[in-house]
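J.:
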């Protein structure tokens with residue numbers, strides 16, 4: 001073979017190997033993110049995936065993790081209640097797609113969304129980094145195109161984590177399963193229950209409450225993000241599958257939250273959000289101002305309250321639910337199920 | 001624009017390649033060359049468009065002076081030597097103004113207790129490189145060694161983007177004939193294949209190897225308050241390898257990119273860390289700079305033709321100029337001085353007929369280089385002293401906690417402690433592993449040019465190119481681009 005032919009063949013080999021590597025990587029990534037797994041170390045995922053019957057599902061960022069006594073809700077409303085709330089940095093779309101995947105007909109979903117969810121546009125870096133790791137249960141996309149786009153915009157470290165985690169899941173699945181079943185039988189439903197002492201987040205020390213919770217969106221020109229509007233479409237799709245969804249407001253805590261000087265702007269924001277939700281045939285219950293706690297109730301950020309305030313907030317939430325139109329969903333005459341579809 | 005940037009790899013380089021050969025296919029040779037000059041100036045301006053007038057006026061000035069000096073040019077109005085001196089002074093003045101003004105002012109202020117404010121001028125990109133290239137052109141024009149070049153080819157010689165920013169420092173004699181050759185006006189698949197391969201080796205050296213070492217070198221030199229014995233050695237060795245992989249990686253990318261356009265740039269590195277003596281090192285490291293210093297500084301000073309003492313002083317002068325060319329600072333001067341001194345000692349040693357085993361010669365040479373790079377890298381004298389103190393064990397020795405029990409028989413010393421060995425530079429055991437890999441790549445394996453120019457076109461080489469592209473892709477979405485070290489010089 002002449003040198004020119006060899007060179008041409010070499011160029012073809014580069015093209016072929018590059019395409020092969022891209023395809024191979026995409027397939028392995030997809031495989032690692034595949035939802036066909038039985039148990040993860042996430043207890044919240046376990047609750048969503050393996051509890052039977054109708055459930056009351058709470059999802060949002062950490063304000064509901066800290067701010068809602070799930071067990072109290074379950075007792076008062078007479079329905080198995082699971083709290084999936086974790087981090088407001090994780091995209092709502094992935095949260096909704098996960099619920100769609102594992103929900104049962106008749107499930108009720110409450111979204112006490114942080115203000116950020118109405119306006120954000122970027123997926124945080126640590127979400128992409130951990131999408132095959134600790135956040136594998138969020139590996140859901142609207143389409144194959146979206147998935148491929150996400151795969152190729154995620155750092156390679158996410159892939160490495162995925163491989164590591166995949167091996168760990170296989171090795172430790174029984175251990176996790178045992179742990180989760182025990183927690184479920186003990187009545188744990190995903191409420192924050194750590195008693196470790198915490199210190200104020202650095203950001204809180206330098207930022208006032210309103211700038212912390214609203215960021216740069218506290219303006220008279222407030223607009224809902226396109227991402228939120230897309231999420232509303234997903235919610236409407238969930239409703240068609242007989243999953244009932246409603247919104248409520250987040251808790252905020254600290255000095256000068258919803259301050260008088262900002263009240264006009266906040267009212268304007270509330271008005272826009274409420275209108276949009278209602279225009280789309282959805283419900284939002286309560287008022288943001290009733291979920292505003294004083295500085296003495298703050299745990300470590302303007303979205304996290306101490307356990308005593310949590311009880312107070314949950315009681316108010318129960319009252320709001322009972323007084324709203326969504327209460328009829330809870331009254332449907334079905335036996336409450338406390339069972340799991342998996343055992344050791 | 002950086003070679004290791006998205007814009008360059010996925011847009012600028014492929015677009016320039018296709019447009020250039022499209023114009024050539026349409027027999028628009030002048031248009032194609034004009035396009036390449038335009039593309040090169042665009043590449044240059046990407047960084048900061050305000051530097052563009054500087055390179056353009058320098059190019060025009062030197063072309064006019066060079067043509068006036070050329071013996072083929074009959075109507076010489078001024079005495080040729082005066083014209084050459086004028087040309088060189090203007091070039092040096094331009095370089096001196098931008099690069100050395102603040103250095104001189106601060107030294108003046110220090111020496112005479114003055115208070116002249118510093119100018120804080122931004123150094124125009126590549127000024128050290130294109131100034132040296134054009135001084136060589138002027139000198140050769142004076143010597144009658146240049147042909148009557150047309151302006152387009154000259155402009156291409158100065159601005160050709162693969163070598164524009166950080167070399168290799170090309171000589172008009174090796175570039176002009178290539179730009180003028182009609183054989184280089186058609187696509188050459190061998191050159192494309194070899195060019196892509198060597199470009200990807202360079203890219204791999206930069207984004208995977210050099211940038212890995214960079215984090216430990218930067219931490220050790222710039223942020224660590226103190227360095228224990230292992231940290232100090234890890235810091236200096238990390239920089240030694242970073243510099244080599246960074247600069248030789250850049251050169252490989254330049255050679256590869258130029259080859260796509262059928263232009264062969266001179267080799268700039270030939271496994272320098274395999275050198276067995278300091279002279280050997282300078283024949284392997286930044287070869288085109290050594291060549292320039294030899295032909296346009298050392299030999300004009302008299303070289304070795306004027307007795308032993310003058311030879312030694314010429315060596316010193318050449319290397320001090322080499323040191324200061326790299327940067328305006330006394331640490332660079334000292335680095336040049338140390339290399340000049342080493343060359344004098346080596347020359348004396350050789351003339352006395354002494355010999356030593358190769359392994360010992362390599363060991364001494366490598367350690368000398370590793371030591372002198374400390375001065376080259378250090379921003380301040382204190383940084384250099386910190387690293388050297390650490391390497392000498394004067395800042396203590398830390399041994400990993402897991403060995404504490406094993407070494408419990410040792411009496412307790414103030415300078416010995418157990419804990420995290422690399423706590424000030426990070427990296428843990430990866431540092432040692434990377435240094436071992438660095439040694440293996442530099443000392444045992446063939447270098448990139450040796451591998452690429454064999455033109456074997458093996459499957460694994462094609463896979464390597466693809467893997468490098470993917471590595472680059474992933475690294476660039478995780479990290480910011482890091483500029484090449486020689487951009488500073």
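Residue numbers (our numbering), protein chains in the order written: chain C, 1 to 344; chain E, 1 to 489. Cβ coordinates follow ideal geometry from the N, Cα and C atoms, glycine included.
Helix, strand or coil for residue 292 of chain C? Go by DSSP, reduced to three states.
T.: Within the first chain, numbered from 1, the residue matching residue 292 of chain C stands at position 292. Strand at residue 292 of chain C.
J.: Just verifying my parser: in three-state terms, what is the DSSP assignment at residue 116 of chain C?
T.: In the first chain, the residue the question calls residue 116 of chain C occupies position 116. Looking at residue 116 of chain C - three-state DSSP - the assignment turns out to be helix.
J.: Could I get the ranges of all uninterrupted alpha helix (DSSP H) runs contained in the segment 321 to 405 of chain E, with 4 residues as the minimum, in chain order?
T.: If we require 4 residues or more, the alpha helix (DSSP H) runs fully inside the segment 321 to 405 of chain E come out as 330 to 351, 358 to 377 and 381 to 391.
J.: For a quick check, are the C-beta atoms of residue 19 of chain C and residue 118 of chain C less than 8 Å apart?
T.: Position 19 of the first chain holds residue 19 of chain C. Position 118 of the first chain holds residue 118 of chain C. Contact flag unset, no.
J.: Just to confirm, are residue 281 of chain E and residue 369 of chain E a CB contact at a threshold of 8 Å?
T.: Along the second chain, one-based indexing puts residue 281 of chain E at 281. Along the second chain, one-based indexing puts residue 369 of chain E at 369. Yes, Cβ-Cβ distance for residue 281 of chain E and residue 369 of chain E is below 8 Å.
J.: Identify which residue in C:145, C:283, C:275 and C:165 has its Cα closest to the Cα of residue 108 of chain C.
T.: If you number the first chain from 1, residue 108 of chain C lands on position 108. Minimum Cα distance to residue 108 of chain C is reached at C:283.
J.: With which residues is residue 253 of chain C paired in a DSSP beta bridge?
T.: Residue numbering aside, residue 253 of chain C sits at position 253 when the first chain is read from its first letter. DSSP lists C:293 as partners of residue 253 of chain C.
J.: Let me make sure I understand the geometry here. Which of E:317, E:54 and E:22 has the alpha-carbon closest to that of residue 187 of chain E?
T.: Here residue 187 of chain E refers to the residue found at position 187 of the second chain. Nearest option by C-alpha distance: E:22.
J.: Can you confirm whether residue 3 of chain C, when its beta carbon is compared against all beta carbons of chain E, has any partner nearer than 8 Å?
T.: Position 3 of the first chain, counted from the start, is the residue given in the question as residue 3 of chain C. Yes, its Cβ sits closer than 8 Å to a Cβ of chain E.
J.: Along the chain, where does the beta strand (DSSP E) that runs through residue 283 of chain C open and close?
T.: Translated into the one-based positions of the first chain, residue 283 of chain C becomes position 283. 283 to 285 is the extent of the beta strand (DSSP E) around residue 283 of chain C.
J.: Output needed for residue 266 of chain C: all residues of its chain with C-beta closer than 7 Å, excluding positions within five of it in sequence on either side, in chain order.
T.: For the purposes of this step, residue 266 of chain C is identified with residue 266 of the first chain, where counting begins at 1. Around residue 266 of chain C: 258.
J.: Can you pull the chain C residues whose beta carbon is under 7 Å from the beta carbon of residue 466 of chain E, in chain order?
T.: Within the second chain, residue 466 of chain E is the residue found at index 466, counting from 1. Neighbours of residue 466 of chain E on chain C, chain order: 14, 17, 18 and 21.
J.: Going by DSSP, what residues sit across from residue 417 of chain E in a beta bridge?
T.: Counting from one through the second chain, the residue named residue 417 of chain E turns up at place 417. DSSP output for residue 417 of chain E lists E:398 as bridge partner(s).
J.: Check the Cβ-Cβ distances between residue 474 of chain E and every residue of chain C, and say whether any is below 8 Å.
T.: Position 474 of the second chain holds residue 474 of chain E. Answer yes: the Cβ-Cβ gap between residue 474 of chain E and chain C drops below 8 Å somewhere.
J.: Cα separation between residue 416 of chain E and residue 1 of chain E?
T.: Position 416 of the second chain, counted from the first residue, corresponds to residue 416 of chain E. Position 1 of the second chain, counted from the first residue, corresponds to residue 1 of chain E. Going by the C-alpha atoms only, they are around 48 Å apart.
J.: Let me know the secondary structure DSSP gives residue 244 of chain C once reduced to three states.
T.: The residue you call residue 244 of chain C lines up with position 244 of the first chain. Looking at residue 244 of chain C - three-state DSSP - the assignment turns out to be strand.
J.: Is it buried or exposed, residue 255 of chain E, if we count other Cβ atoms within 10 angstroms and call 16 or more buried?
T.: As a position in the second chain, residue 255 of chain E is number 255, starting the count at 1. That one is buried.
J.: Grouping DSSP H, G and I as helix and E and B as strand, with all else coil, what is residue 70 of chain E?
T.: Start at 1 with the first residue of the second chain, and residue 70 of chain E comes out as number 70. Coil, per DSSP.
J.: When you compare the CB of residue 6 of chain C with every CB in chain E, is at least one pair closer than 8 Å?
T.: The count along the first chain starts at 1 and reaches residue 6 of chain C at position 6. True, the Cβ-Cβ gap to chain E drops below 8 Å.
J.: Would you kindly work out how many angstroms separate the C-alpha atoms of residue 138 of chain E and residue 88 of chain E, rounded to a whole number?
T.: Counting from 1 along the second chain, the entry for residue 138 of chain E is found at position 138. Counting from 1 along the second chain, the entry for residue 88 of chain E is found at position 88. Rounded to the nearest angstrom, the two C-alpha atoms are 8 Å apart.
J.: Helix, strand or coil: how does DSSP classify residue 309 of chain E here?
T.: Numbered from 1 along the second chain, position 309 holds the residue referred to as residue 309 of chain E. Here residue 309 of chain E sits in helix by DSSP.
J.: Quick check on the DSSP output: what are the complete alpha helix (DSSP H) runs of length 4 or more inside the segment 64 to 96 of chain C, in order along the chain?
T.: For the segment 64 to 96 of chain C, whole alpha helix (DSSP H) runs of length 4 or above, ordered along the chain, are 70 to 77.
J.: Report the neighbours of residue 157 of chain C on chain E: residues whose CB is nearer than 8 Å to its CB, in chain order.
T.: For this step, residue 157 of chain C is matched to residue 157 along the first chain. Per Cβ cutoff of 8 Å: 478.
J.: How would you write the range of the beta strand (DSSP E) that residue 56 of chain C sits in, first residue to last?
T.: Position 56 of the first chain holds residue 56 of chain C. 55 to 58 is the extent of the beta strand (DSSP E) around residue 56 of chain C.
J.: Strictly by DSSP, which residues pair up with residue 109 of chain C?
T.: Working through the first chain from its first residue, we reach residue 109 of chain C at position 109. Note: residue 109 of chain C sits in a beta bridge opposite C:57 and C:245.
J.: Less than 8 Å between the beta carbons of residue 201 of chain E and residue 252 of chain E, yes or no?
T.: Numbered from its first residue, the second chain carries residue 201 of chain E at position 201. Numbered from its first residue, the second chain carries residue 252 of chain E at position 252. Contact: yes.
J.: Would you mind reading off the limits of the alpha helix (DSSP H) that contains residue 428 of chain E?
T.: Taking the second chain and counting its residues from 1, one reaches residue 428 of chain E at position 428. Run containing residue 428 of chain E: none; DSSP gives neither H nor E here.
J.: Rounded to whole angstroms, what's the CA-CA distance from residue 88 of chain C to residue 48 of chain E? Just pull it up for me.
T.: Within the first chain, the letter at position 88 stands for residue 88 of chain C. Within the second chain, the letter at position 48 stands for residue 48 of chain E. Spanning the two alpha carbons is a distance of roughly 40 Å.
J.: Within 8 Å of any Cβ in chain C, is that where the Cβ of residue 215 of chain E sits?
T.: On the second chain, residue 215 of chain E is found 215 positions in, with the first residue counted as 1. Chain C, which has no Cβ nearer than 8 Å to the Cβ of residue 215 of chain E, makes this no.
J.: If distances are taken between C-alpha atoms only, which option among E:266, E:321, E:276 and E:439 comes closest to residue 360 of chain E?
T.: If you number the second chain from 1, residue 360 of chain E lands on position 360. The option with the nearest alpha carbon to residue 360 of chain E is E:276.
J.: So is residue 112 of chain C buried or exposed if we call it buried at 16+ other beta carbons inside 10 Å?
T.: Taking the first chain and counting its residues from 1, one reaches residue 112 of chain C at position 112. Buried is the call here.
J.: Secondary structure at residue 325 of chain C, three-state DSSP: helix, strand or coil?
T.: Position 325 of the first chain, counted from the start, is the residue given in the question as residue 325 of chain C. Residue state, collapsed to three classes: coil.
J.: Using the beta-carbon of each residue, which ones in chain C are nearer than 7 Å to residue 263 of chain E?
T.: Locating residue 263 of chain E in the second chain gives position 263, counting from the first residue. Result: empty, since nearest Cβ-Cβ is about 17 Å, beyond 7 Å.
J.: DSSP three-state label for residue 305 of chain C, please.
T.: Taking the first chain and counting its residues from 1, the one referred to as residue 305 of chain C is at position 305. It is a strand residue.
J.: For residue 189 of chain E, which residues in chain C fall below 8 Å Cβ to Cβ?
T.: Here residue 189 of chain E refers to the residue found at position 189 of the second chain. What residue 189 of chain E touches in chain C: 4, 7, 8 and 11.
J.: DSSP on residue 12 of chain C, reduced to helix/strand/coil?
T.: Position 12 of the first chain, counting from 1, holds the residue named residue 12 of chain C. Looking at residue 12 of chain C - three-state DSSP - the assignment turns out to be helix.
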